[in-house]
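Chains as they are written, first to last, in our numbering: chain R, 977 to 1231; chain V, -18 to 459.
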């Protein structure tokens, strides 16, 4: 596996014809904790979804270990934003964790004793084993996030994509998640996470991707997470890109 | 071959139909697609009419060629094929309208539903004026006519039920992850569009098959209500599916029994004679009303989620709050004379809390039954247990009050009411954390309520929620 975990070549993504990411070109190094940093509407979630094939690319290509995403699905774990699902759904904590095994089970096969063991093991790792039988609505925000993490751990992936894993969690969960990320790194895994809290970036991440509709910078935290580059990322929206995107959208409408 | 009487056929048919509708309806309810079933049923009507017209036109031709007496117009399968096609067309149109215009899904469903239904009713009136036979059956598709279920219809319903059951058992895990988190399912490589099509296709087939019995207007109820009712009783998908199937079957069966003619034949009496004067009630609407009854029963009586159990929880909390307020008032009224336990006049308590005499009397009776206080000559005196409990409650109250002022920066004159609301649900863990944070000087000295250590505090264990030490749940509804 000499190719980097994620390689993004000249990717542009558009929602309803309005571009939200312009010409992103970067690669993610192996075995690092990588933070995606940028203001609201910078396209952080979109970048992750583009890599996972959840939104179509307007142009460019993305490779996972040198191959298209479709061939490398088994290497990838995904933790969506917590608000993206209905927590009133009739499923238990263990049930959610078991969903991580569905990918390798394949069509029509049900999770059995082995899968339950794996799921329980991962719930233990995030400190949720005691809640295995609980309906997911009865959990706090931090506990829900831990369940999502357990589900992804069960996937036993090589690269993990996490969309705001620290959003709306309590301090204890935040510490637990950071510990978990570090243990993943020790096992040679790569983690790419959208992150909001600038104060903790230096402590949590080895590598950062600064994003604001276009790529501002991508590199090791020490050399990249600098005041100048942050100002470039956050200092005023890139008005020209904004206006251009708007123009594209309106042009499409006129046609 | 088993021979069934017409009544038995109707019963088997509606029971099976209710069961399978409940089964596939579960996922529709969970995916918030409940209205899709309604739209499907309505959109099927013009398809039925067109199929009838085509069959009526082809019938003489085929009869001539084959020489056999085929009855195409009234063939269940022929009509259902038409219904199926226009149902699918309806779904397709909704998708198109959503994607290519800025219309939202619910509006698109409403538009397509009423357009198709309107077209269907117009076609029906055209057919009514045509000089062809066998058209009387078509009208029954509007409100359904379960009594018309024939043996061949039964076979179709049975096949569809088996097919749906097979699909749902084979794809149970796929449907589960698709319904809970479709994006995650997609990253795992599941073809969610295909799965969605299979799910909606099954729903369509079941809806269409139910039309002759329950009718276009009411079929959606049979799809939605068992699933919605089952959700009240369980927190697991597997049991929800089973329960929904069972409730659907019960709906179909009871509805058929309740519609008078069948009941009369089976029981020998007509339970609704006083209402109908002996005439039969339409089966479809009665089935739906039975479904409503089951749903309402679930809404009210289901444990944890039901209205009644929520009211009970709220009532218990209120009673607990009132009791704790009484004890705290007593503590505050005799605080200056501690550790003596003086007798306090009931009038003083009433003035302190502005409670009515009836309320105070009831609370005091209940508290004295729990040996927290002793009542004598319009005065009450705390027992040692009562004092310990009262001191602890006062301690918690003041602790929380101080936290609000110091920790949360709430103005002091707002604090008492805010403290009143929260303090009654604080768990021992949270109290401990508050004490650690604020220091132990908040309320009455600890030794007062720790003193009678031999006496177990009559703590309401019902209110105790076992939390992990670090987390406060955002919402505990149960």
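Glycine included, C-beta positions come from ideal geometry on N, C-alpha and C.
What is the DSSP secondary structure of residue 356/V, reduced to helix, strand or coil? Strand, per DSSP.
Return the Cβ separation of residue 74/V and residue 93/V in integer angstroms, given the expectation that the two are a contact with Cβ distance under 8 Å. For residue 74/V against residue 93/V, the beta-carbon gap comes to about 5 Å, under 8 Å, which counts as contact.
According to DSSP, is residue -5/V helix, strand or coil? In the structure shown, residue -5/V sits in a helix (DSSP, three-state: H, G or I).
I'd like to know if residue 1086/R contacts chain V, where contact means its C-beta is closer than 7 Å to some C-beta of that chain. Output row for residue 1086/R: interface = yes.
Contact check, residue 383/V vs residue 407/V under 8 Å by CB: the rounded distance? Contact between residue 383/V and residue 407/V is ruled out by a C-beta separation of about 13 Å, above the 8 Å threshold.
Should residue 1103/R and residue 1145/R be called a contact, given that it needs their Cβ atoms to be closer than 7 Å? No, these two residues do not count as a Cβ contact at 7 Å.
For residue 185/V, does the three-state DSSP call read helix, strand or coil? Looking at residue 185/V - three-state DSSP - the assignment turns out to be helix.
Got a sec: is the Cβ-Cβ distance from residue 161/V to anything in chain R below 7 Å? True, the Cβ-Cβ gap to chain R drops below 7 Å.
Taking the alpha helix (DSSP H) that residue 132/V belongs to, which residues open and close that run? Secondary structure note for residue 132/V: its alpha helix (DSSP H) is the uninterrupted segment 132 to 151.
For residue 436/V, does the count of other Cβ atoms within 10 angstroms reach 16, so buried, or fall short, so exposed? Caution applies to residue 436/V, whose pLDDT of 37 falls short of 50 and renders its modelled position unreliable; the model cannot decide the point.
Can the beta-carbon of residue 158/V be found closer than 7 Å to that of residue 1045/R? One thing to note: residue 158/V has its Cβ no nearer than 7 Å to the Cβ of residue 1045/R.
Distance between residue 1114/R and residue 1120/R (C-alpha atoms, nearest Å): Within the model, the alpha-carbon separation for residue 1120/R versus residue 1114/R is close to 9 Å.
Coil, strand or helix - residue 1133/R by DSSP: For residue 1133/R, the secondary structure class from DSSP, reduced to helix, strand or coil, is coil.
Can you tell me which residues form a DSSP beta bridge with residue 1190/R? Answer by DSSP bridge pairing, in chain order: 998/R and 1188/R.
Interface residues of chain R facing residue 295/V [CB-CB closer than 8 Å]: Simply none; closest approach about 18 Å.
Mind checking who residue 1232/R pairs with in its DSSP beta bridge? This structure does not reach residue 1232/R, given that chain R is present from 977 up to 1231, and the question cannot be answered.
Compare the C-beta of residue 221/V against all C-beta atoms of chain R and say whether one is closer than 7 Å. So yes, residue 221/V belongs to the interface.
Residues that residue 1049/R contacts on chain V, provided the C-beta gap is smaller than 9 Å: Here the neighbours are 168, 169 and 170.
Output, in chain order, the set of chain R residues within a Cβ distance shorter than 8 Å of residue 177/V. Within chain R, not a single residue places a beta-carbon under 8 Å from that of residue 177/V; the smallest gap is close to 15 Å.
Closer than 7 Å at the beta carbon, the chain V residues around residue 1142/R: For residue 1142/R, there are no neighbours in chain V by C-beta distance under 7 Å, as the nearest C-beta there is about 15 Å away.
Helix, strand or coil at residue 1183/R according to DSSP, with G and I counted as helix: Three-state result, residue 1183/R: strand.
Quick one, are the C-beta atoms of residue 412/V and residue 305/V less than 7 Å apart? Their beta carbons are not under 7 Å apart, which means residue 412/V does not touch residue 305/V by this criterion.
Are the beta-carbon atoms of residue 1075/R and residue 1127/R separated by less than 7 Å? Yes, they are a contact pair.
Is residue 171/V buried or exposed, if buried means 16 or more other CB atoms sit within 10 Å of its CB? Counting Cβ neighbours within 10 Å, residue 171/V comes out buried, since at least 16 surround it.
Is the number of C-beta pairs between the region 88 to 106 of chain V and the region 20 to 31 of chain V that are closer than 8 Å three or more? Taking 8 Å as the limit for Cβ pairs, the verdict is that the region 20 to 31 of chain V does touch the region 88 to 106 of chain V.
Meets three-Cβ-pair contact criterion under 8 Å: the region 180 to 196 of chain V and the region 1024 to 1036 of chain R: With fewer than three CB-CB distances shorter than 8 Å, the region 180 to 196 of chain V does not count as touching the region 1024 to 1036 of chain R.
Residue 1019/R touches chain V at which residues, Cβ-Cβ below 9 Å? Listed along the chain, the chain V residues whose CB falls inside 9 Å of the CB of residue 1019/R amount to none; the nearest CB is some 17 Å away.
Show which residues of chain R have a CB atom less than 7 Å away from the CB atom of residue 210/V. At a beta-carbon threshold of 7 Å, none of the residues of chain R lie near residue 210/V; the nearest stands roughly 13 Å away.
Can you give me, in chain order, the residues of the region 1047 to 1081 of chain R that have a beta carbon less than 7 Å from any beta carbon in chain V? Answer set for the region 1047 to 1081 of chain R: 1049, 1052, 1054, 1056, 1060, 1061, 1065, 1066, 1067, 1068, 1075, 1078 and 1079.
Here's a check: name, in chain order, each residue in its chain whose Cβ is nearer than 6 Å to the Cβ of residue 349/V, leaving out the five neighbours to either side. Answer for residue 349/V: 356, listed in chain order.
What residues from the region 1012 to 1039 of chain R come within 7 Å of chain V, judged by C-beta to C-beta, listed N to C? Answer set for the region 1012 to 1039 of chain R: 1028 and 1030.
Taking 7 Å as the CB-CB cut-off, is residue 154/V touching chain R? Yes - at least one Cβ of chain R is within 7 Å of the one on residue 154/V.
The beta strand (DSSP E) spanning residue 93/V covers which residue range? Element bounds for residue 93/V: not the beta strand (DSSP E) but the alpha helix (DSSP H), 86 to 109.
Tell me the residue span of the alpha helix (DSSP H) that contains residue 1095/R. Residue 1095/R -> alpha helix (DSSP H) spans 1089 to 1101.
Residues of its chain near residue 265/V, where Cβ-Cβ distance is below 6 Å and the 5 sequence neighbours each way are ignored: Hits under 6 Å: 124, 125, 195, 196 and 199.
Are there three or more Cβ pairs, one per stretch, closer than 8 Å when the region 269 to 282 of chain V is compared with the region 202 to 212 of chain V? Yes, they touch.
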